[in-house]
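Below is one structure; the comments refer to it alone.
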Ligand code: ADP
Ligand code: MG
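Residue numbers (the working numbering): 12 to 395.
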């Protein structure tokens with residue numbers, strides 16, 4: 012059993028006492044930027060603010076956010092490597108700091124996991140079990156099992172320097188999983204790998220999650236990793252949770268404009284400053300009525316931002332006329348870049364045999380938005 016509860020955790024990295032004029036100017040800039048934050052501090056960089064979450068036994072959660080949003084800090088706090096000045100971290104109801112390090116049963120994999128260079132792959136993977144004084148035959152059994160799952164069976168006698176980047180990272184994952192930890196923490200583990208290797212590593216993680224009961228927390232700035240792996244996504248920005256919900260919900264009902272634009276490729280189209288008029292708004296020449304809940308959140312004459320994903324724009328014989336600028340092909344999708352009254356839009360179509368062959372620059376097409384898939388945001392960026 013491992014469930015994790017973080018309550019109202021804030022983390023500040025104090026400024027260094029030393030440093031010249033340049034350093035003090037940098038500090039001033041950080042402090043100015045932090046003034047608008049709900050939690051303010053004059054002592055340092057605020058890396059995490061009022062963070063609360065519960066992660067249950069066996070869950071696979073992704074923490075997604077841009078660089079500097081506090082992901083690594085959060086992971087280090089969950090691992091007990093960093094002690095936040097505010098808030099509590101509990102494992103199965105016990106304060107993390109009260110649990111002996113050896114009893115925590117947490118494994119971590121980082122982006123640049125350094126293997127022991129003078130030891131074989133076998134020795135690298137076996138190490139956590141040797142530390143536990145497990146009998147030799149049992150170690151061999153466990154190492155072979157995990158090597159089988161991670162596709163390393165024929166690499167066990169090799170030295171780390173003889174491995175490719177992807178293989179090294181598989182050894183790191185194998186070493187983390189071999190002791191069947193209660194909690195596996197991964198910090199951008201595949202960031203340095205090429206797309207094909209990344210795909211393989213994702214498949215491997217999924218398989219491991221099915222085979223072991225480990226709770227997995229996966230930190231990444233890559234939305235594709237998060238969407239394709241996790242059942243639940245926590246989106247972080249400036250150390251603040253933007254949304255914590257199932258992957259489906261984050262994609263289909265983003266709570267704010269940031270989440271809408273951060274998740275989904277191509278990036279969600281946003282049509283800014285659309286005026287609400289008599290309880291409705293106009294998009295691509297069509298009027299859409301606000302529903303009752305939306306009406307409560309905005310008044311007539313208000314300006315709103317309207318979001319529509321490229322996959323929810325239909326190209327056909329209805330709607331408004333737009334002009335094709337260029338076309339990209341990504342896997343089975345055709346991404347059509349359009350110009351509409353000086354605005355740039357992207358629409359996405361599945362390429363299929365029955366469909367049209369292609370679009371040419373300058374083609375005029377009619378576009379229409381799926382009325383059930385329109386996202387409305389107020390000028391603060393919150394979902395209406
Ligand atoms: P991420 O992993 O999302 O890129 P981090 O958790 O590494 O973000 O960093 C969050 C913020 O905290 C950043 O502004 C970063 O500069 C700052 N930070 C991280 N580690 C330290 C540290 N040891 N000392 C001072 N500031 C830090
Ligand atoms: Mg990081």
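Beta carbons: idealized from backbone N, C-alpha and C, even for Gly.
Sub-8 Å separation of residue i and residue j beta-carbons
| i | j | result |
| --- | --- | --- |
| residue 120 | residue 200 | yes |
| residue 76 | residue 232 | yes |
| residue 309 | residue 395 | yes |
| residue 379 | residue 325 | yes |
| residue 344 | residue 331 | no |
| residue 268 | residue 256 | no |
| residue 15 | residue 89 | yes |
| residue 335 | residue 311 | no |
| residue 306 | residue 290 | yes |
| residue 203 | residue 176 | yes |
| residue 157 | residue 195 | no |
| residue 357 | residue 280 | yes |
| residue 294 | residue 219 | no |
| residue 13 | residue 113 | no |
| residue 42 | residue 59 | no |
| residue 320 | residue 275 | yes |
Same chain only: Cβ atoms within 7 Å of residue i, ignoring 5 sequence neighbours per side
| i | result |
| --- | --- |
| residue 241 | 71, 72, 73, 229 and 258 |
| residue 313 | 287 |
| residue 107 | 91, 100 and 101 |
| residue 209 | 201 |
| residue 440 | Lying before the first or after the last residue shown, residue 440 is absent from the chain, which here runs from 12 to 395. |
Neighbourhood of residue i by C-beta, 6 Å cutoff - its chain only, sequence neighbours within 5 removed
| i | result |
| --- | --- |
| residue 351 | 333 |
| residue 136 | 154, 185, 186 and 189 |
Heavy atom of ligand 2 within 7 Å of residue i beta-carbon
| i | result |
| --- | --- |
| residue 198 | yes |
| residue 446 | Lying before the first or after the last residue shown, residue 446 is absent from the chain, which here runs from 12 to 395. |
Cut-off 8 Å between Cβ atoms - residues of its own chain near residue i, not counting five sequence neighbours on either side
| i | result |
| --- | --- |
| residue 10 | The question about residue 10 has no answer, for the chain in this structure spans 12 to 395. |
| residue 131 | 167, 168, 169 and 170 |
| residue 19 | 61, 62, 63, 97, 98 and 99 |
| residue 138 | 127, 130 and 186 |
| residue 323 | 380, 381, 384 and 385 |
| residue 110 | 91 and 102 |
| residue 338 | 345, 346, 347, 348, 369 and 370 |
Contact test: residue i Cβ vs ligand 3 heavy atom, cutoff 7 Å
| i | result |
| --- | --- |
| residue 372 | You won't find ligand 3 in this model; what it holds is ligand 1 and ligand 2. |
Residue i: CB within 7 Å of a non-hydrogen atom of ligand 1
| i | result |
| --- | --- |
| residue 58 | yes |
| residue 229 | no |
| residue 252 | no |
| residue 79 | yes |
| residue 76 | yes |
| residue 223 | no |
| residue 24 | yes |
Residue i versus the options, residue with shortest Cα-Cα distance
| i | options | result |
| --- | --- | --- |
| residue 57 | 291, 262 and 81 | 81 |
| residue 299 | 382, 68 and 314 | 382 |
| residue 372 | 384, 390, 346 and 386 | 346 |
| residue 212 | 191, 181 and 33 | 181 |
| residue 261 | 113, 35, 224 and 386 | 386 |
| residue 125 | 290, 209 and 174 | 174 |
| residue 237 | 222, 197, 219 and 221 | 197 |
| residue 266 | 13, 247 and 290 | 247 |
| residue 221 | 203, 13, 69 and 54 | 69 |
| residue 283 | 110, 161, 353 and 368 | 353 |
| residue 205 | 183, 178 and 193 | 178 |
| residue 123 | 152, 183, 114 and 302 | 183 |
| residue 239 | 217, 115 and 225 | 217 |
| residue 414 | 191, 275, 112 and 321 | Here the chain comprises residues numbered 12 to 395, so residue 414 is not present and cannot be evaluated. |
Sheet register partners of residue i (DSSP bridge)
| i | result |
| --- | --- |
| residue 354 | 351 |
| residue 44 | None; residue 44 has no bridge partner. |
| residue 280 | 319 |
| residue 325 | 379 |
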